[in-house]
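In the working numbering, the protein residues as written are -11 to 112.
Idealized CB from N, CA, C, for every residue including glycine.
All figures in this text were calculated on a predicted structure; none of them were measured in a lab.
Here is the structure we will look at, set down as structure tokens.
Structure follows, in structure tokens:
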């Protein structure tokens, strides 16, 4: 094996796999694969999701997380997902009006402890 080929192979192992990324971004979920290369699975409590590909599993986990956050915090926040961020707008006065975080866990932590509303009220 040439030195360049060895460096190329080492570089491949330096990047996390899609499943490792999902597991890191959604630590509350147990990510696994069925024996003998079956579907990918994600389990959180009594909820179990499966998909044939890591991308499919990511979509299912994100849908479940969005539904969970909305069910738990809809009284105080309007929550949605963009391609890159998890977002929340306050439905109550006096707190930080818009939150933006890269993961649902980080967004939930901010929703539970938002900063104060520091700007003057928007004129009507």
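Residues near residue i by beta carbon distance below 7 Å, same chain, minus five either side
i, result
"residue 89", "73, 74, 95 and 98"
"residue 79", "64, 65 and 66"
"residue 35", "52"
Contact set for residue i: own chain, Cβ-Cβ below 6 Å, skip 5 residues either direction
i, result
"residue 18", "31"
"residue 8", "none"
Distance between residue j and residue i (C-alpha atoms, nearest Å)
i, j, result
"residue 69", "residue 24", "34 Å"
"residue 20", "residue 28", "6 Å"
"residue 85", "residue 22", "43 Å"
"residue 87", "residue 76", "5 Å"
"residue 120", "residue 104", "No answer is possible for residue 120: it lies beyond the span of the chain, which begins at -11 and ends at 112."
"residue -11", "residue 10", "Since pLDDT at residue -11 reaches only 45, below the 50 mark, its modelled position is unreliable, and the value read off the structure follows with that caveat. So the alpha carbons of these two residues sit roughly 33 Å apart."
"residue 59", "residue 81", "20 Å"
Buried versus exposed call for residue i [16 or more other C-beta atoms within 10 Å across all chains shown]
i, result
"residue 53", "buried"
"residue 67", "buried"
"residue 106", "exposed"
"residue 49", "buried"
"residue 92", "buried"
"residue 46", "buried"
"residue 102", "buried"
"residue 37", "buried"
"residue 62", "exposed"
"residue 100", "exposed"
Residues bridged to residue i [DSSP beta-bridge criterion]
i, result
"residue 85", "According to DSSP, residue 85 bridges with nothing at all."
"residue 75", "68 and 88"
"residue 20", "29"
"residue 104", "83"
Sequence-distant residues of the same chain with beta carbon closer than 8 Å to residue i, five excluded per side
i, result
"residue 5", "42"
Can you check the region 27 to 71 for any alpha helix (DSSP H) of at least 4 residues that lies completely inside it and give the ranges in chain order? The qualifying runs are 42 to 61.
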